[in-house]
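Visitor: Let me begin by handing over the structure; questions about it come next.
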Amino acid sequence: MKKLDNTVLARRANQIKEELRQKLRKPYKQVIDLYWGDPHAAGVKPLSFVRQVLAACLYPDLVNSNTLPVDVRQRAQRLLGECAGGSVGSYTATAGIPEIVHRISEFITKRDGGAPSDPENIYISPGSQWALRNILKVLVNSQASPRTGVLTPGPEEQGWELHVEELHRALDSAKGLCNPVALYVINPGNPAGYVQSRKTMQEVIRFASEKRLFLLADEVYQECVHGEKSEFLSYKRVLSEMGPPLSDTVELASFHSASKGFMGECGLRGGYVELIALDLMTDPPQPGDPSYPLYSEETQHIKTMMVHNVKRVFEVLNSLPGFSCKPMEGGGFAFPRLHLPPKAIQKAKEMEMEPDLFYCMRLLEEAGVLVKPGMENGPKEGTHHIRFCIMNPEDTMEEMLSRLSSFHTQFMKDFS
Amino acid sequence: MSSLQEGDLDLRGTRAPSRLQAARGTEESAQGAEKPFQEVMDVSTGDPHRAGMKPVSFVRQVLAACVYPKLLDEKSLPLDARQRANTLLGVCSGRSVGSYCATAYGIPYVCKSVTEFIMRRDGGVSSNPEDIVISSGSTKTLLIVLHLMASGEGETPTGVLTPMPCPHTLPTLLNMAGLTLVPYQLLEDQGWAVELDELHRALRTTRGHCSPRAIYISNPGNPTGHVQDRKSIEEVIRFAATEGLVLLADEVYQDSVYGQGTESLSYKRVLFEMGKEYSKKVELVSFHSLSSACMGECGLRGAYMEAVNLDPVVMKYLRDAQAPSSPPVLPQLALEVMVNPPTPEDPSYKTYSQEILHSMTTLSQNAQRACEFLNDLSGIKCQPARGGVFLFPRLHLPPQMVEEAKMLGVEADVLYCQRLLEEEGVRLGAGCENGQVDPNFHIR
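In structure tokens form, the structure reads like this:
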């Protein structure tokens, strides 16, 4: 049974939310919860086109009414035509509706500058965690001794870059302890918002090939690239462009999801709903479609919001002594480092907590802000971090930064 | 060499014609390949919408408004649907179905609605929201419990008493969870009834080779259509109590009891009406889902279980089993509507009750007609069904066919189904998937 180290934080947050509901007095009116990457919970609006199409698929009478734009109705009609019995309530084929799988494959080919994608290699699942879990089931031999290992990233220091030397070191450390079969990378990074360069990715691919590791590329944040000089390249593309023999031999599974990026549809999982969300994500309205102006406005708004949030977080945190924050190029989170005074670390020890958890508990109690302690993401020993979601409305971000600043200044004073 | 060769692969080949083959049949036919049919009819799974049944309007109207809240002001949707959507959006984070569900076990408001439904159904027997866990489909929900049973130490593997025939997905699930299937035969000649002696016999077979911890039963029966009376349910409960087995009651078709004079009783209700000696002791987990006959929302993936008398530590584990993930939101809202439908004073009641009546009538008439028709054919014998969405007739196949199947390396009922698919474009399920072995060939 896996125990979450910070259940105490989650429990206290729920308690406080309940106390606030019951109008108990606190120095804040509501908790700002940036723990998970959950934009809608934070107040970001869903994309209208997506929701309109989904609504029409759920209640097909809307297809014939004038309530919804024409392209919405046409898209819903097409999608319903691909569902058995014309209903999203029937069972889907194991790998997903063939037509949608085809369109996803086309999206991938286009994204990757023409590198071909085969629909037979695409599987749709209720959320990326499910798919990842199942691939791991296939890779892991539960009877084996020593146990199967998967190389997993912990955020690095130097600009969060992935250094191949570190991969070698990790692999060496496994000798005798476990048998590594796979290498998991996440790009853009979670929690550290680094976007890998082509050079880095080529090194990773060569490493995976040399050591015969199955490459698991988690690319769910591929839509979230806000760094001006950053460009998202998929592992598939880089691998394909490296040509044979690597492109024919390296085993690669890449993951994408409707939970992240503009869609932010974390709760929409399962069955046709998932398929429809993926279809809309990979085949959005185009210029000329009636829904395009609104769609483009809404996605632009989200992009602007992210760029703004990233800038503000960087500015504010780096102006606070005790915080250092690297520039975020992509992904949905900020992962600033805390430089805690020794007295605070001592206090945390007395309370039998990791120092970053201690910081987060205090932040929650006194300022009503919920963020994740960095210890869960496994950074280097002796370093402390917090992680929080940056996919929020600008005023929420501002409010959070304001509360965090006041709290932090006081905290540093208290433990000086 | 591929890393995949290192892994545990349980490659169980699908024996019956796959959905892919069925789809290919339709495709080939559409492309003008010479076939005596235009389109494949797939009735092998319990999938009403695939077969052409319509969803419940109220459910879809509420879901549409939840997904696209501008519809809350849309006059063409009934007022009560819009009000319900508004209420349900209120229990979603950020008033959006796109946000994560706040708990790993289900939206508390939905859990509460489920308990209210259970109490109404069971004539007042109490139900506690803390005993409810919601997940994405009954397969997932059942797996959570099955995985739990396979955990822990022991020399012999955990066994689950399983009815033969059983739902066709169950043998795979048990295998996935690392559990041993301990078969108990249902009595075909008595309409697939459960027999106490047979339960005892099955239990005796486990001695020395597995450790029985649970008994699974589906009521109404999948695929048999048998509905247990109170006496039968009590027998099973007493058996579980005496032998210290956890009772897993799959009741997804509880809304489709159509047999004349047949009463629909839940295991929970019967248990509690047996008095404290049983009601405080027997560990019972009951399952229900959106795949029910009248809802038919198999693709929406939503189900719940109610677990009573489990150790609090175990219950906590069940509630945390999906952490750090959480069940999807939209199906939970559909579940809420399923357990809390329009009442007579509501504007949508008329349409709602008509649609339910239509579903039930269709089921009942189909069951009767199909059973009569099949019994008129030589070589097929069908027990009458009283509930559920399947019929499970027995095939009396000519010896040459059985021989041919043996030579081709398939079960005879699989061969029958393959031929039927190729020649008539009808896809049925082969009885061997439900655990029925040679020479008892069946189709589903």
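Residue numbers (this note's numbering), protein chains in the order written: chain E, 34 to 449; chain Z, 47 to 490. From the three backbone atoms N, C-alpha and C, an ideal C-beta is built for every residue, glycine too.
Among Z:Gly471, Z:Met406 and Z:Leu461, which residue has its Cα nearest to the Cα of proline 94 (chain Z)?
Guide: Among Z:Gly471, Z:Met406 and Z:Leu461, the Cα nearest to that of proline 94 (chain Z) belongs to Z:Met406.
Visitor: Check whether the Cβ of tyrosine 254 (chain E) lies closer than 9 Å to any Cβ atom in chain Z.
Guide: Answer no: the Cβ-Cβ gap between tyrosine 254 (chain E) and chain Z never drops below 9 Å.
Visitor: I want to verify the contact list: residues of chain E whose CB lies under 8 Å from the CB of aspartate 10 (chain Z), in sequence order.
Guide: Given that chain Z is displayed from residue 47 to residue 490, the structure contains no residue 10 (chain Z) and the question cannot be resolved.
Visitor: What residues from the stretch 81-101 of chain E come within 7 Å of chain Z, judged by C-beta to C-beta, listed N to C?
Guide: Residues passing the 7 Å Cβ filter: Arg84, Gln85, Leu87, Ala88, Leu91, Tyr92, Leu95, Ser98 and Thr100.
Visitor: Using DSSP bridges, identify the partner residues of valine 303 (chain Z).
Guide: DSSP, once it has assigned bridges, lists Z:Gly433 as partnering valine 303 (chain Z).
Visitor: List the DSSP bridge partners of proline 209 (chain Z).
Guide: According to DSSP, proline 209 (chain Z) bridges with Z:Tyr230.
Visitor: State yes or no: is the C-beta of valine 349 (chain E) within less than 9 Å of the C-beta of serine 290 (chain E)?
Guide: Going by C-beta atoms, valine 349 (chain E) is not nearer than 9 Å to serine 290 (chain E).
Visitor: So alanine 286 (chain E) and isoleucine 168 (chain E) are in contact, right, with Cβ under 8 Å, and what is the actual spacing, rounded?
Guide: Confirmed, Cβ separation roughly 6 Å.
Visitor: Looking only at DSSP bridge pairs, what is proline 213 (chain E) linked to?
Guide: Bridge partners of proline 213 (chain E): E:Gly182.
Visitor: I want to see whether chain Z comes within less than 9 Å of glutamine 110 (chain E), judged by CB atoms only; does it?
Guide: Taking Cβ atoms only, chain Z never reaches closer than 9 Å to glutamine 110 (chain E), which makes this a no.
Visitor: Excluding the 5 residues flanking histidine 193 (chain Z) on each side, which residues of the same chain have their C-beta closer than 6 Å to its C-beta?
Guide: Around histidine 193 (chain Z): Ala223.
Visitor: Whole angstroms is fine: what's the gap from tyrosine 363 (chain Z)'s alpha carbon to glycine 290 (chain Z)'s?
Guide: Taking the straight line joining both Cα atoms gives about 20 Å.
Visitor: So does the stretch 98-116 of chain E actually touch the stretch 351-364 of chain E, counting three or more Cβ pairs closer than 8 Å?
Guide: No, they do not touch.
Visitor: Just the Cα atoms here: how many angstroms apart are leucine 443 (chain Z) and phenylalanine 487 (chain Z)?
Guide: Going from the Cα of leucine 443 (chain Z) to the Cα of phenylalanine 487 (chain Z) covers about 8 Å.
Visitor: Rounded to whole angstroms, what's the CA-CA distance from leucine 265 (chain E) to aspartate 145 (chain E)? Just pull it up for me.
Guide: It is worth fixing the name first, because residue 265 (chain E) is phenylalanine in this sequence and not leucine. Approximately 10 Å, taken between the alpha carbons.
Visitor: So what's histidine 491 (chain Z) in DSSP terms, helix, strand or just coil?
Guide: No information on residue 491 (chain Z) is available, as it lies outside the stretch 47 to 490 that chain Z covers here.
Visitor: Can you confirm whether arginine 490 (chain Z), when its beta carbon is compared against all beta carbons of chain E, has any partner nearer than 9 Å?
Guide: Not an interface residue.
Visitor: For chain E, check one thing: does any of its Cβ atoms lie closer than 9 Å to the Cβ of leucine 403 (chain Z)?
Guide: Answer no: the Cβ-Cβ gap between leucine 403 (chain Z) and chain E never drops below 9 Å.
Visitor: Quick one: complete alpha helix (DSSP H) runs, 4+ long, within the stretch 242-290 of chain Z?
Guide: The qualifying runs are 242-251 and 276-289.
Visitor: Step through the CB atoms of chain E and report whether any lies within less than 9 Å of the CB of leucine 346 (chain Z).
Guide: Cβ-Cβ to chain E under 9 Å: yes for leucine 346 (chain Z).
Visitor: Between isoleucine 219 (chain E) and proline 186 (chain E), which are expected to be in contact by the criterion C-beta below 8 Å, what is the C-beta distance as a whole number of angstroms?
Guide: The pair is a contact, with the Cβ atoms about 7 Å apart (cut-off 8 Å).
Visitor: Taking only three categories from DSSP, how would you classify glutamine 191 (chain E)?
Guide: Here the model assigns glutamine 191 (chain E) a pLDDT of 41, short of 50, so the residue's position is not dependable, and the following value carries that caveat. Coil at glutamine 191 (chain E), not helix or strand.
Visitor: Go ahead and label glutamine 255 (chain E) buried or exposed: buried means 16 or more other beta carbons lie within 10 angstroms of its beta carbon, across all protein chains shown.
Guide: That one is buried.
Visitor: Under a CB-based cut-off of 9 Å, is serine 230 (chain E) close to chain Z?
Guide: Chain Z contact via Cβ: absent.
Visitor: From the DSSP output, which residues share a beta bridge with threonine 204 (chain Z)?
Guide: Per DSSP, Z:Ser257.
Visitor: Could you compute how far the alpha carbon of aspartate 447 (chain E) sits from the alpha carbon of proline 375 (chain E)?
Guide: Spanning the two alpha carbons is a distance of roughly 12 Å.
Visitor: Can you confirm whether glycine 471 (chain Z), when its beta carbon is compared against all beta carbons of chain E, has any partner nearer than 9 Å?
Guide: It does not: the Cβ of glycine 471 (chain Z) has no partner Cβ on chain E nearer than 9 Å.
Visitor: Report the three-state DSSP secondary structure of phenylalanine 163 (chain Z) (helix, strand or coil).
Guide: Phenylalanine 163 (chain Z) falls in the helix class under three-state DSSP.
Visitor: I'd like to confirm the pairing. Which residues does DSSP put opposite alanine 239 (chain Z) in its beta bridges?
Guide: Alanine 239 (chain Z) pairs with Z:Leu233.
Visitor: Output, in sequence order along the chain, the residues in the stretch 80-109 of chain Z whose CB is closer than 7 Å to any CB in chain E.
Guide: Those would be Thr91, Asp93, His95, Arg96, Ala97, Gly98, Pro101, Arg106, Gln107 and Leu109, in chain order.
Visitor: Using only the alpha-carbon positions, how far apart do proline 326 (chain E) and proline 221 (chain E) sit?
Guide: If you take the alpha carbons of proline 326 (chain E) and proline 221 (chain E), they lie about 28 Å apart.
Visitor: Please classify lysine 405 (chain E) as buried or exposed, where buried requires at least 16 neighbouring CB atoms within 10 angstroms.
Guide: Buried, by the Cβ-count rule.
Visitor: Closer than 9 Å, CB to CB, is methionine 341 (chain Z) near chain E or not?
Guide: Interface residue, yes.
Visitor: Taking C-beta pairs closer than 7 Å, name the residues in chain E that glycine 144 (chain Z) reaches, listed in chain order.
Guide: Correct list: His73, Pro79, Gly297, Glu298, Cys299, Gly300 and Leu301.
Visitor: Taking the alpha-carbon of phenylalanine 347 (chain E) as reference, which of E:Ile157, E:Leu204 and E:Gly226 has the nearest alpha-carbon?
Guide: Phenylalanine 347 (chain E) has its Cα closest to that of E:Gly226, out of E:Ile157, E:Leu204 and E:Gly226.
Visitor: For glycine 119 (chain E), which of helix, strand or coil comes out of DSSP?
Guide: Glycine 119 (chain E) falls in the helix class under three-state DSSP.
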